[in-house]
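Visitor:
Chains as they are written, first to last, in this note's numbering: chain Z, 17 to 897; chain H, 82 to 228; chain A, 12 to 133.
#1: How would you write the range of the beta strand (DSSP E) that residue 1/Z sits in, first residue to last?
#2: Which two residues bound the contiguous alpha helix (DSSP H) that contains residue 231/Z?
#3: Quick check on residue 131/A: does DSSP put it in helix, strand or coil?
#4: In chain order, what residues of the same chain have a beta carbon less than 7 Å from the beta carbon of residue 698/Z, not counting five sequence neighbours either side?
#5: So, is residue 572/Z buried or exposed, given that buried needs 16 or more other C-beta atoms within 10 angstroms?
#6: What do you reckon, are the CB atoms on residue 790/Z and residue 783/Z nearer than 7 Å?
#7: What distance in whole Å lies between the Cβ atoms of residue 166/Z and residue 110/A, which are believed to be in contact at a cut-off of 8 Å?
#8: What alpha helix (DSSP H) runs, 4 residues minimum, are completely inside the stretch 355 to 404 of chain Z?
#9: So who's on the other strand from residue 129/H, going by DSSP bridges?
#10: Please classify residue 701/Z as buried or exposed, where buried requires at least 16 other C-beta atoms within 10 Å of its C-beta.
#11: Just the C-alpha distance for residue 465/Z and residue 477/Z, rounded to the nearest angstrom, thanks.
#12: Which of the three DSSP states, helix, strand or coil, is assigned to residue 71/Z?
#13: From the DSSP secondary-structure annotation, give me the bridge partner or partners of residue 499/Z.
#14: Cβ of residue 92/A less than 7 Å from any chain Z Cβ?
#15: Taking 7 Å as the threshold (beta carbon to beta carbon), is residue 22/A in contact with chain Z?
#16: Looking only at C-alpha atoms, which of 213/Z, 612/Z, 399/Z, 388/Z sits nearest to residue 554/Z?
#17: Run through DSSP, which three-state label would residue 190/Z get?
#18: List, in order along the chain, the chain Z residues whose C-beta lies closer than 9 Å to that of residue 136/H?
#19: Which of the three DSSP states is assigned to residue 104/Z in this structure?
#20: Going straight from the alpha carbon of residue 589/Z to that of residue 110/H, what length do you get?
#21: Buried or exposed for residue 221/Z, please, with buried defined as at least 16 other CB atoms from any protein chain shown within 10 angstroms of its CB.
#22: If you pair each beta-carbon of the stretch 327 to 339 of chain Z with each one of the stretch 366 to 374 of chain Z, do three or more pairs fall below 8 Å?
#23: Pick helix, strand or coil for residue 26/A, following the three-state DSSP scheme.
#24: According to DSSP, is residue 84/H part of a helix, a strand, or is it coil?
#25: Using a cut-off of 7 Å between C-beta atoms, extract the partners of residue 669/Z located in chain H.
#26: For the candidate residues 265/Z, 138/Z, 459/Z, whose alpha-carbon lies nearest to that of residue 671/Z?
#27: Pick from 473/Z, 575/Z, 675/Z, 578/Z: whose alpha carbon is nearest that of residue 591/Z?
#28: Is the beta carbon of residue 292/Z less than 7 Å from the beta carbon of residue 327/Z?
#29: Quickly, what does DSSP pair residue 297/Z with across the bridge? List them, please.
#30: Would residue 515/Z pass as an interface residue toward chain H - the criterion being a Cβ-Cβ separation below 7 Å?
#31: Got a sec? Which residues, its chain only, sit under 6 Å from residue 122/A by beta carbon, not counting five neighbours each side?
#32: Please list the partners that residue 62/A has in chain Z, where partner means a Cβ-to-Cβ separation under 9 Å.
#33: For the structure I just gave you, are there three or more beta carbon pairs, one from the stretch 274 to 281 of chain Z and one from the stretch 209 to 228 of chain Z, closer than 8 Å?
#34: Distance check for residue 90/A and residue 75/A, CA to CA, integer angstroms please.
#35: Under three-state DSSP, which class holds residue 527/Z?
#36: Compute the Euclidean distance between the alpha carbons of residue 217/Z and residue 262/Z, then round it to the nearest angstrom.
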């Protein structure tokens with residue numbers, strides 16, 4: 017029987033599913049027993065789970081699973097029959113037992129074999145439990161395997177006539193075996209099991225249907241046939257309903273993944289010596305199965321984490337005046353088309369001071385950033401890579417996954433995580449996730465002539481500024497464009513610039529409006545020039561110095577202006593009536609031109625001349641239309657701001673146009689494009705063209721709306737920036753933790769390393785002996801006032817920049833020499849303070865320029881005794897300012 | 082007795098290339114593409130291939146050859162990959178040819194640069210050389226612009 | 012001659028296996044996940060054979076057998092119980108309830124087919 021293998025595979029799959037469900041049930045029941053909540057039915061239920069696994073695996077020839085199941089079955093049957101009393105020892109063993117079975121099943125699933133793990137100790141333990149507490153079960157007088165009819169009795173079991181089975185099997189009609197689908201109604205209740213792959217396929221097909229529907233609805237929108245319109249409306253409604261129904265079939269209650277948590281909580285709590293009660297609310301809340309899969313691991317991690325770091329040991333809880341049993345609450349509910357999941361504990365909460373300190377220690381943030389952080393922002397630090405507040409890595413939560421991975425996983429599916437905590441009282445993690453991934457509502461926008469889809473979940477509101485408003489409404493804070501949204505400053509990101517890779521420095525801020533007007537001007541200039549050239553050519557044709565085919569003359573799409581109209585003009589400004597007028601006038605123009613060439617070909621110079629006059633007249637209209645269109649466009653430069661939320665922060669995305677909200681089918685991008693974080697995928701629009709789906713978080717990061725506080729502060733100084741064209745060679749170094757500094761290389765005499773042991777004290781001044789001189793050492797970080805933390809440098813050997821002036825030298829102690837670069841720097845003087853001349857962006861990073869004379873005056877006043885520095889700063893310094 | 086293989090052939094900047102027929106899903110004329118911002122010019126855009134979104138890789142750029150003349154439309158050679166279909170943009174499509182393995186020679190040592198990575202070998206045909214492209218490597222580009 | 016057979020088992024995989032084997036042998040099969048469901052189904056339709064597990068939720072196989080025997084059209088319909096070696100007493104309970112025979116789990120498809128041949132000799 018050829019398809020026996022396939023059948024066996026299918027049955028094994030079924031066994032895996034069924035057994036997994038059974039074992040979860042098993043765990044729940046044993047947990048209930050442990051809590052003293054078991055019922056008289058409990059032993060029977062757990063017995064049946066194992067009994068089923070044993071029977072089925074036996075029939076499938078899985079002898080190892082069968083034999084392991086057999087041992088458990090004996091114990092459970094004794095328990096069911098009241099021959100064994102349940103004990104804590106027994107429940108623990110039973111948990112280990114269900115794990116063992118799971119392990120074998122997992123092995124079967126992944127390798128196709130039962131594996132070679134040895135469970136003899138565990139099985140012995142189960143056997144001992146049976147032997148010590150129960151009178152040994154009267155071992156069955158090993159009934160001969162097989163079957164029998166009671167009428168044959170007594171004692172005449174019919175042996176299994178194996179060889180005879182073959183002919184029977186051969187009578188099977190092939191057609192029958194090819195269609196195993198049941199012809200009879202399945203009586204196993206009103207629910208049936210459907211292969212998940214089948215559902216995925218169905219969902220894909222519905223996705224395709226939605227696309228086709230969108231296309232038809234779009235085309236029929238332009239049609240006049242009422243029957244077609246009616247049919248397309250029906251199609252529209254049916255498709256929507258079908259889509260909803262199919263999505264529902266993929267929905268699963270979140271309880272499916274929560275069901276293993278009682279066991280997880282029990283195990284983790286046991287391991288850590290804690291007492292935790294788990295409360296689950298909203299288990300019936302449904303989610304798409306792909307999402308269920310995606311949040312399984314993050315949720316497990318959070319639950320472990322809550323018990324490990326959140327809930328205290330009973331003694332500690334008692335000491336804090338709390339109930340000794342900790343509470344862990346999982347809550348799920350639908351809200352606004354999203355699923356909310358909350359995980360709260362009543363543990364010790366997050367010590368915000370500890371978090372902040374840790375962040376500084378790990379170099380994740382500096383003092384300044386920390387001091388500006390709200391509590392909420394500070395809590396969110398725990399989601400940063402490399403952050404863990406645990407004093408020691410425990411077996412429980414230190415599994416190589418941090419909260420950063422949890423956050424990444426949740427964000428990958430379009431969700432968000434937020435954390436709230438009150439010191440001493442507890443912590444709550446709030447997760448919001450979309451219901452489904454496959455089809456999402458999205459706002460379609462245009463930017464730079466292309467359409468983009470923005471997932472509705474990240475969208476907060478739309479703001480449209482009319483031309484006049486736009487000119488006034490967009491302000492800049494040191495070059496960064498912002499809009500005052502109800503009194504709050506909303507940072508703006510211009511989509512076309514961000515996607516063109518244009519940085520804010522080059523075309524940001526108030527410059528944007530001018531830039532846009534400028535761009536429009538350029539574009540129209542091109543159009544005029546194109547048309548003028550073409551007219552010139554036409555004149556030459558008339559004069560006989562050029563030739564032109566009739567086709568070329570008559571086509572309003574082949575000429576340069578025609579190309580402009582259809583490539584740039586209408587795409588960008590199609591909504592402007594003057595542009596539509598232009599298109600028509602341009603067509604008329606070519607009708608006239610065709611006449612010119614036709615007359616020329618038929619060698620009728622008078623008529624050709626007359627036609628040429630007509631053409632030039634129409635041409636005047638063409639120019640007028642261009643002027644009017646340009647004027648209107650510049651006047652009408654409305655601004656569309658889409659207020660988006662990413663990572664808990666808001667920003668405004670400026671786009672050229674806002675189209676519609678549509679249900680889009682999310683399609684993945686190829687691996688070539690995975691690295692571009694600005695896009696979450698692509699979709700196919702009603703007209704069959706592909707549109708990219710924006711990844712709001714990725715975009716925000718790319719546009720640096722979400723970035724270091726410090727970077728903002730400095731980029732903001734741009735307005736007073738002065739640009740120097742000559743290139744400077746700069747030495748880049750770190751003065752202290754993470755503070756980047758620069759110094760013109762021309763001021764540097766040498767770079768040295770000194771072992772710490774060589775440092776001596778001369779009065780209060782640290783010095784080293786250097787080339788027969790006493791070299792005073794200055795810790796740069798002590799003397800520069802930056803907004804960044806300055807910590808004493810303790811590296812050994814010390815990195816020293818030797819600075820010399822008029823035969824004297826000092827050593828500037830820095831923590832690290834980074835690089836020597838040649839760059840044109842734009843210094844912003846706003847950051848100037850003691851020891852700092854200003855700051856500049858060097859290698860894409862904000863860097864402070866050190867004012868060495870100022871530092872020396874403070875740190876080693878003796879240096880300038882008997883002579884004064886040439887000016888306030890050295891000539892080299894002045895050169896770059 | 083040597084084996085023979087079938088190749089789908091095409092031209093890029095006058096060079097004659099071949100890809101094993103088994104790897105080619107289909108050959109289609111020029112399609113409208115959606116540009117992907119922030120990518121290197123190797124990625125020409127995205128194509129809607131009957132509902133499937135296919136990345137189009139410009140073979141001229143990928144092979145470091147001069148760009149196509151303005152107005153010349155490339156053809157799509159859609160190849161299968163583990164990650165779904167990918168389109169290779171070529172100048173012109175040639176025939177499907179069946180070639181005996183005994184005229185195969187691995188790429189000459191003197192090949193350098195990107196060609197060395199992407200060209201599996203050469204079939205010495207009567208009148209010309211057929212360069213065999215390693216499609217997996219060819220489509221293995223990370224398109225993020227490094228800024 | 013093809014028979015109509017009901018397989019009663021709370022284990023889906025087991026049901027599928029039995030059902031598939033029987034269908035391959037040319038029979039029509041209906042399924043029930045426990046004794047109660049089976050009893051409900053069988054009140055309204057006749058079958059030629061009942062193959063039932065013993066230990067099931069809601070209604071076990073022994074009870075099902077007893078209840079079926081109370082129905083007028085089930086007086087003679089063969090009822091086969093799936094038993095295990097470890098529970099020999101089940102056999103006697105089954106016999107007392109009116110079962111026709113037994114088959115020991117685990118079994119091979121061929122054994123099931125052979126049992127059918129015993130029950131319905133050609």
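Glycine residues also receive a C-beta, built at the ideal position from the N, C-alpha and C atoms.
Guide: Walking through what the data contain:
#1: Lying before the first or after the last residue shown, residue 1/Z is absent from chain Z, which here runs from 17 to 897.
#2: Stepping through the first chain from its first residue, residue 231/Z is reached at position 215. Looking at the DSSP string, the run of the alpha helix (DSSP H) that includes residue 231/Z is 212 to 238.
#3: Taking the first residue of the third chain as 1, we reach residue 131/A at position 120. Coil at residue 131/A, not helix or strand.
#4: In the first chain, residue 698/Z corresponds to position 682, counting from 1. Counting only Cβ-Cβ distances below 7 Å, and skipping sequence neighbours, we find 683, 685, 706, 707, 708, 709.
#5: Indexing the first chain from 1 puts residue 572/Z at position 556. That one is buried.
#6: Taking the first chain and counting its residues from 1, the one referred to as residue 790/Z is at position 774. Taking the first chain and counting its residues from 1, the one referred to as residue 783/Z is at position 767. The answer is yes: Cβ separation under 7 Å.
#7: Translated into the one-based positions of the third chain, residue 110/A becomes position 99. Translated into the one-based positions of the first chain, residue 166/Z becomes position 150. With a Cβ gap of about 7 Å, residue 110/A and residue 166/Z count as contacting.
#8: 368 to 377, 383 to 388, 391 to 395
#9: Locating residue 129/H in the second chain gives position 48, counting from the first residue. 134/H.
#10: Sequence index remark: in the first chain, residue 701/Z carries index 685 (1-based). Buried, by the Cβ-count rule.
#11: As a first step, residue 465/Z must be located in the first chain, where it is residue number 449. As a first step, residue 477/Z must be located in the first chain, where it is residue number 461. About 23 Å.
#12: Indexing the first chain from 1 puts residue 71/Z at position 55. It is helical.
#13: Indexing the first chain from 1 puts residue 499/Z at position 483. BP columns for residue 499/Z point to 490/Z, 506/Z.
#14: Numbered from its first residue, the third chain carries residue 92/A at position 81. Output row for residue 92/A: interface = no.
#15: Residue 22/A sits at position 11 when you count from the first residue of the third chain. Yes, residue 22/A counts as interfacial toward chain Z.
#16: Locating residue 554/Z in the first chain gives position 538, counting from the first residue. Residue 554/Z has its Cα closest to that of 612/Z, out of 213/Z, 612/Z, 399/Z, 388/Z.
#17: The sequence position of residue 190/Z within the first chain is 174, counting from 1. Its pLDDT being 34, under 50, residue 190/Z is placed unreliably in this model, and the coordinates cannot settle the point.
#18: Translated into positions along the second chain, residue 136/H becomes position 55. Ordered by position in chain Z, the residues that pass the 9 Å Cβ test against residue 136/H are 685, 686, 687, 688, 689.
#19: Within the first chain, numbered from 1, the residue matching residue 104/Z stands at position 88. Residue state, collapsed to three classes: helix.
#20: Translated into positions along the first chain, residue 589/Z becomes position 573. Translated into positions along the second chain, residue 110/H becomes position 29. Answer to the nearest angstrom: the Cα atoms are 30 Å apart.
#21: Within the first chain, numbered from 1, the residue matching residue 221/Z stands at position 205. The residue is exposed, with fewer than 16 neighbouring Cβ atoms inside 10 Å.
#22: no
#23: Stepping through the third chain from its first residue, residue 26/A is reached at position 15. Looking at residue 26/A - three-state DSSP - the assignment turns out to be helix.
#24: For the purposes of this step, residue 84/H is identified with residue 3 of the second chain, where counting begins at 1. DSSP places residue 84/H in coil when its eight states are reduced to three.
#25: Translated into positions along the first chain, residue 669/Z becomes position 653. Within chain H, no residue comes near residue 669/Z; the closest Cβ sits about 14 Å away, beyond 7 Å.
#26: Your numbering for residue 671/Z matches position 655 in the first chain. Nearest C-alpha to residue 671/Z: 459/Z.
#27: Taking the first residue of the first chain as position 1, residue 591/Z is located at position 575. Closest option to residue 591/Z, Cα to Cα, is 675/Z.
#28: Here the question's residue 292/Z lines up with position 276 in the first chain. Here the question's residue 327/Z lines up with position 311 in the first chain. Yes, the Cβ-Cβ distance between residue 292/Z and residue 327/Z is below 7 Å.
#29: Here residue 297/Z corresponds to residue number 281 of the first chain, with the count starting at 1. Paired residues: 347/Z.
#30: Within the first chain, the letter at position 499 stands for residue 515/Z. So, interface residue.
#31: What you label residue 122/A is simply residue 111 of the third chain in a count that begins at 1. Excluding sequence neighbours, residue 122/A sits near nothing in its chain.
#32: Locating residue 62/A in the third chain gives position 51, counting from the first residue. In chain order: nothing, as chain Z lies at least about 10 Å away.
#33: no
#34: Working through the third chain from its first residue, we reach residue 75/A at position 64. Working through the third chain from its first residue, we reach residue 90/A at position 79. Going by the C-alpha atoms only, they are around 10 Å apart.
#35: In the first chain, the residue the question calls residue 527/Z occupies position 511. The predicted position of residue 527/Z is uncertain, since its pLDDT is 48 and thus under 50; no value can be drawn from it.
#36: As a first step, residue 217/Z must be located in the first chain, where it is residue number 201. As a first step, residue 262/Z must be located in the first chain, where it is residue number 246. Using only the alpha carbons, I get a separation of about 11 Å.
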